[in-house]
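A short worksheet on the structure shown next.
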Amino acid sequence: MNFSFNNKEKLKSKKLIDTLFSNGQSVSAFPLRLVFMSTHFDDGLLFKTGVSVSKRHFKRAVDRNRIKRLMREAFRLHKAQYFDNISTPHAFMILYIGKEIPSLIQLENKMSQLFDKFSKANSNITPQENEADS
RNA sequence: CAAGUAAAUCGCCUUAUCGCUGUUUUAAAUUUUUAAAAUGGAGGAAAGUCCGAACACCGUAGUGCAACAUAGUGGUUAACGGCCACCGGUCGAGAGAUCAGGAACAGUGCAACAGAAAGGAUGUACAGGUAAUGCUGUAGUGAAAUCAGGUAAACUCUAUGUGGUGCAAUGUCAUGUAUACCAGUGCUUGAGGGCUGCACGCCCGAUGCUGGAGGGUAGACAGCUAAAGUGUAUUGGUAACAAUACAUUCAGAUAAAUGAUAAGGGCUCUGUAUGGAGUACAGAAUUCGGCUUAUAGAUUUGCUUACUUA
RNA sequence: CGGGAUGUGGCGCAGUCCGGUAGCGUACACGGCUGGGGGCCGUGUGGUCGCAGGUUCAAAUCCUGUCAUCCCGA
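Residue numbers (the numbering used here): 1362 to 1495.
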């Protein structure tokens, strides 16, 4: 099992993030929201992921860092099972929209719910696109 | 012992598993990736951005006015509005705390209510005094009543100082585009611009400038961490601080690393046979010196003690 | 990194420049007009002027520090 989450798998390009937020679709499982978009990466990876916490809800930088670290941890430990059946490359941004600092266990549960919803949404959309094309 | 006061220091630790990031070495691969190993990886305030510098660029930044800052004396420092010492004022019983602490015989203002009168004004009562007169004292109003009055954190004056913008500075490379379109304005009789407000002066200036509607980039490297560094000791100095000697290398990310989980141990509070609860404030962003603010808890040292009680 | 604004009854705002009385609308309570409601009229309650310190005889107002909220530029 690969538990790593290194620099290449993080979403870093400012341009890509801008297009992601303007064109991407989203699913949510409170207190998480996933923004995703089908795209293409030059270095051949299947996905790149970023995390984000609003400054409006958490004024202290310490709290924001804590939540982002927990989110990365929850994603890192379970990403293998989320992406078993994905073939096309995607960009992801996970937002935390709650107002209290969560625990790792809560986040892990919500993260699986979130990616279940994503899989459903993804499988619903793809055939429609195919029909439109045909 | 208690209460107080001044100053200094620390601000959780260990192990295991899974990760992140910088550097170095080796190997693969081959010209920037992968793997392994070694090693470094948040703070006393990293915070607020309130002062002062370093460094970089703008035209080596001209004159006048304006604006702003500072304000006892001396010292300290790269510099300061910081710090230290002393003098003076105010507060406190004291140790001690605190102060924008220059000028009101340069000028202009301001003073509610009360009061006869609030800065060119002298009234009432009583007493004293005179040739005569608010001439003198007391009472009364008020913060202040003739005192070279108060007020400059009112304008002002005096002294001193300040060019501007900031690492998104700045340099190099890569990628890409529109010197196109519409409207206005201007081309040496000068539009507009130049990184402080105004005036003058100076400089640049036609493939220009302003607006509209649009197009493109938003990556990499350098700057970027060895420095007014840190620690210890000695010497000089009342002190801030300085000098010398020895030792030492101590983050460098960029949607932004420095973490997560588990177990055990400290410490504090509570309870006392086991236990339970808590463990603060807070996260580097060019770098330093200060200031200010937040902070569970712990440690050390100097000094004071009026009243009250023993 | 830099620049700016705001904070005053429960709510929305004046007053701050140029210092002496904190006021307006709305809301709330009571009374009146009406058969009742609405509306109008009258009376009243309610404010540490964000916080701390200073200047002054006197501070919402002047000065310094600080806290919070909001906005703007690169």
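Don't be surprised by glycine CBs; every beta carbon is placed ideally from N, CA and C.
Cβ-based neighbour list, Q1474, same chain, cut-off 7 Å, excluding 5 preceding and 5 following
The beta carbon of Q1474 sits closer than 7 Å to those of A1390, all from its chain and outside the five residues before and after it, given in chain order.
Across which residues does DSSP place G1411 in a beta bridge pair?
DSSP, once it has assigned bridges, lists M1454 as partnering G1411.
Using DSSP's beta-bridge definition, name the partner residues of A1390.
Beta-bridge partners of A1390 (DSSP): L1393.
Give a yes or no on whether the C-beta atoms belonging to F1444 and L1407 are separated by under 8 Å.
In this structure, the beta-carbon distance from F1444 to L1407 falls below 8 Å.
Buried or exposed for I1428, please, with buried defined as at least 16 other CB atoms from any protein chain shown within 10 angstroms of its CB.
Buried.
Taking 8 Å as the threshold (C-beta atoms), are F1382 and T1410 in contact?
No, these two residues do not count as a Cβ contact at 8 Å.
Cβ neighbours of R1425 in the same chain (closer than 6 Å, five flanking residues each side left out):
Closer than 6 Å at Cβ, skipping near neighbours: V1414 and F1419.
Using the Cβ count rule (16 or more neighbours within 10 Å means buried), how would you classify I1455?
Classification for I1455: buried.
Between the alpha carbons of S1464 and K1376, how many angstroms are there, rounded?
Those two C-alpha atoms are separated by around 32 Å.
Checking 8 Å against the spacing of the C-beta atoms, do P1450 and T1400 come in under that value?
A contact, by the Cβ cut-off of 8 Å.
Assuming M1398 contacts H1439 (C-beta within less than 8 Å), just tell me the rounded distance between them.
Incorrect: roughly 21 Å between the Cβ atoms, too far for contact.
Any idea what DSSP makes of S1399, helix, strand or coil?
If DSSP states are grouped into helix, strand and coil, S1399 belongs with the strands.
So, helix, strand or coil for K1429, using DSSP?
DSSP, reduced to helix, strand and coil, places K1429 within a helical segment of the structure shown.
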